[in-house]
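All remarks here apply to the structure that follows.
Number of protein chains: 2
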Amino acid sequence: MTFNLTILGSGSATPILNRHPTAQVIAIEGDYFLIDCGEATQYRLMENHLRPGRLKYIFISHLHGDHYFGLVPLLSSLNLSGRTDDLWLFGPRGLGEIITTQFRYSDTKLNFPLHFQETDPHQPAQILDHPNVRIETIPLQHRIDCTGFLFREKNRKRKLIAEKLPADLPVAFYRHLKDGNDVLDDLGQVLYRAEDYTVPAPPARSYAFCSDTRYNEAMFDQIRGVDLLYHEASFLDDMEALSEKYFHSTARQAALTAVQAEVGRLMIGHFSSRYKTTEEFLLQARSVFPDTVLAVEGETTEV
Amino acid sequence: MTFNLTILGSGSATPILNRHPTAQVIAIEGDYFLIDCGEATQYRLMENHLRPGRLKYIFISHLHGDHYFGLVPLLSSLNLSGRTDDLWLFGPRGLGEIITTQFRYSDTKLNFPLHFQETDPHQPAQILDHPNVRIETIPLQHRIDCTGFLFREKNRKRKLIAEKLPADLPVAFYRHLKDGNDVLDDLGQVLYRAEDYTVPAPPARSYAFCSDTRYNEAMFDQIRGVDLLYHEASFLDDMEALSEKYFHSTARQAALTAVQAEVGRLMIGHFSSRYKTTEEFLLQARSVFPDTVLAVEGETTEV
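Quick mapping for you: the protein sequence lines, in order, are chains A and B.
Take the numbering used here: the last position of the first sequence gets the number 304, and nothing is skipped along the way.
Take the numbering used here: the last position of the second sequence gets the number 304, and nothing is skipped along the way.
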């Protein structure tokens, strides 16, 4: 199953050229899940050849502008493009009012159903049960209400052993075997046993998005063992006091979170505009948690 | 006096790569006047090396998103940059609510005074009397309330005749002569007559911004004889029926407006995303009004 992450923005609140505010796309099979939607995210989608028509779910972490200013423009453009498919939106209380206020004054009527569900910033909760993935909110510690999002793959299929497959078995039965079901004849006798022609499903993958937040021990149990953790790292180590004051994290704190929560890999982003380069973030994080990468705009990573 | 226009966006509602929504900067001496503020205008300012700190006045024509989605992001960034200078904002009823709703949820308190004045979409009105320019609204005919903006230069100075200036005249008196005042000695006797050392001030220049609107005879008298008219041309001639339906103009109608209002030069913009190139707009407009140019992003034009 396709399960990958494309970074559209790696910056923070103050914009600089060539570093954009937070937005990322999770692609799961044919569906796009957009996490946060900073200003001009729709241009980033175009640049990365990600068709907006495939967006089905949008998740907004919090109402600081660098995480949602691109949302109403994106909804407007989806409407102008003639979209009629349902769109699901998850975000903090107030996001609905922000959208309806703007659409009221522009006299905009959406031609597609927009389903908005408020997130609870205080308790983790499952907010979506998709055929391929379950999604929970992660309460974060920021200046205003803020949640991360945890994606857990489900229903991974057994894998066919290609060289063992009988030549006379119709392709239509492959799915049957991958679901773990034996192939029977008309009398109910087993013709082909699933366990003879397949190997067990690989473990379900998981992805946690944690931005914006200060060092947040309360979430460790919830995200423990995820394959990939995206954690904000707005500042370098020497700015820890300022970082704490603004409810942000340093590169070292992001890496410490990765260690404590025993995750597989760590990706850091949300770099403050005061830093023109990001190499030092990587060095500081890797000194604590070696399997760290930087969020790089335009790059796609398998989860 | 500096009086020029820089185009930041030449597109219309549906975004395409390399053509941005409406925004333009009038520079008058050291002050910037921003007209409309489509999504990501702050990035266009950076790309064109226009310092946001010099923005003093912002004018929003109407509340379709391609004319204002970049405003709240810009105000946020001005605030983050530590601005304390006053900023004046002119725009339709509702703009204030849109701003305060978003700042309420982001818990943003502006550190600079933002003075918002509602525009009247029905009657022309002077909205700003700046030391160098007077600015009026122009009622336009669009689907929702919409005004253009008319800039009329004032107080143009007489020009010094360099080769005639006496070598012993202190530079401090140049301004005196340019204001048309004679230089006197201590007894009140005329030493240097302004009309001997200067030529009369050139005629005051004027600029009219008219977007979005359908062909609008009601404004001809107000904009008659302006030096430069920016008029929207969303569509080519063959789309006149659609254009009329959506309260937009064709290239030919923009040019016809220039003819009827006897303007000096015409600039057309707000091109629909359905057109990948714009040469045909220029051909159609020039066949009616030869002194037409296209709005080109990043280009600066003297008014």
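Idealized CB from N, CA, C, for every residue including glycine.
| Asked | Found |
| --- | --- |
| For residue 143 (chain B), go through chain A and note every residue whose CB falls closer than 7 Å to its CB, in chain order. | In chain order: nothing, as chain A lies at least about 11 Å away. |
| Buried or exposed: residue 93 (chain A), going by 16 or more other Cβ atoms within 10 Å of its Cβ? | buried |
| Please state whether the Cβ-Cβ distance between residue 25 (chain A) and residue 36 (chain A) is less than 7 Å. | yes |
| Buried or exposed: which applies to residue 281 (chain B), given that a residue is buried once 16 or more other Cβ atoms fall within 10 Å of its Cβ? | exposed |
| Measure the beta-carbon distance from residue 198 (chain A) to residue 161 (chain A) and round it to whole angstroms, keeping in mind my assumption that it falls under 8 Å. | 6 Å |
| Please report the distance separating the alpha-carbon of residue 163 (chain B) from that of residue 29 (chain B). | 24 Å |
| Does residue 15 (chain B) have its Cβ less than 7 Å from a Cβ in chain A? | yes |
| Return the residue from the list A:69, A:201, A:48, A:228 that minimises the CA-CA distance to residue 4 (chain A). | A:228 |
| Closer than 7 Å, CB to CB, is residue 66 (chain A) near chain B or not? | yes |
| For residue 270 (chain A), count neighbouring C-beta atoms within 10 Å of its own C-beta (all shown protein chains included) and say buried if the count is 16 or more, exposed if not. | buried |
| Show which residues of chain A have a CB atom less than 9 Å away from the CB atom of residue 99 (chain B). | 99, 102, 103, 106 |
| Given that residue 1 (chain B) touches chain A, what residues does it touch there, using C-beta distances under 8 Å? | Residue 1 (chain B) is absent from the structure shown; chain B starts at 2 and stops at 304. |
| At a CB distance below 8 Å, what residues from the region 214-238 of chain B approach chain A? Give them in sequence order. | none |
| Mind reading off the beta-carbon distance from residue 235 (chain A) to residue 210 (chain A)? Whole number of angstroms is fine, and I expect it under 8 Å. | Actually they are not in contact, since the Cβ atoms of residue 235 (chain A) and residue 210 (chain A) sit about 15 Å apart, beyond 8 Å. |
| In chain order, what residues of the region 76-100 of chain B put their CB closer than 9 Å to some CB of chain A? | 77, 78, 81, 82, 93, 94, 95, 96, 98, 99 |
| Please state if the CB of residue 139 (chain A) and the CB of residue 220 (chain A) are separated by a distance shorter than 7 Å. | yes |
| How do the region 103-123 of chain B and the region 136-150 of chain B stand: do at least 3 beta-carbon pairs fall below 8 Å, yes or no? | yes |
| Tell me which residue opens and which closes the alpha helix (DSSP H) that residue 310 (chain A) is part of. | Here chain A covers residues 2 to 304 and nothing more, so residue 310 (chain A) does not appear. |
| Give the straight-line distance between the Cα atoms of residue 130 (chain B) and residue 31 (chain B), rounded to the nearest whole angstrom. | 16 Å |
| Where does the unbroken beta strand (DSSP E) through residue 177 (chain B) begin, and where does it stop? | Looking at the DSSP string, residue 177 (chain B) is not in any beta strand (DSSP E); the run it does join, the alpha helix (DSSP H), is 175-179. |
| What does the Cβ neighbour count give for residue 242 (chain A), buried or exposed, with the cut at 16 atoms within 10 Å? | exposed |
| By the DSSP assignment, the alpha helix (DSSP H) with residue 204 (chain A) in it spans what residues? | Neither: residue 204 (chain A) is in no alpha helix (DSSP H) and is coded neither H nor E. |
| Looking at the unbroken beta strand (DSSP E) that takes in residue 270 (chain A), where does it start and where does it end? | 266-270 |
| Can you say whether residue 6 (chain B) is buried or exposed, counting buried as having 16 or more other CB atoms within 10 angstroms of its CB? | buried |
| Note the first and the last residue of the continuous beta strand (DSSP E) segment covering residue 57 (chain A). | 56-60 |
| Does the Cβ-Cβ distance between residue 40 (chain B) and residue 70 (chain B) come in under 7 Å? | yes |
| By a C-beta neighbour count over all protein chains shown, 10 Å radius and 16 as the cutoff for buried, is residue 275 (chain A) buried or exposed? | exposed |
| Within the continuous alpha helix (DSSP H) that includes residue 97 (chain B), where are the two ends? | 96-107 |
| Evaluate residue 52 (chain B) with the Cβ neighbour count: other Cβ atoms within 10 Å of its Cβ, from every protein chain shown; 16 or more gives buried, anything less gives exposed. | exposed |
| Identify whether residue 1 (chain B) lies in helix, strand or coil by the three-state DSSP scheme. | Summary: the structure shown does not reach residue 1 (chain B), with chain B confined to residues 2 through 304, and so no result is reported for it. |
| Please report how far the alpha carbon of residue 89 (chain A) lies from the alpha carbon of residue 301 (chain B), in whole angstroms. | 43 Å |
| Could you confirm whether any beta carbon from chain A is found closer than 7 Å to the beta carbon of residue 117 (chain B)? | no |
| What's the gap between the Cα of residue 57 (chain B) and the Cα of residue 152 (chain A)? | 46 Å |
| Name the chain B residues whose beta carbon is nearer than 8 Å to that of residue 73 (chain A)? | 66, 70 |
| So, are the CB atoms of residue 238 (chain A) and residue 258 (chain A) less than 7 Å apart? | no |
| Whether or not the region 63-77 of chain B and the region 99-116 of chain B are in contact is what I'm after, with contact meaning three or more pairs of Cβ atoms, one per stretch, closer than 8 Å; do they touch? | yes |
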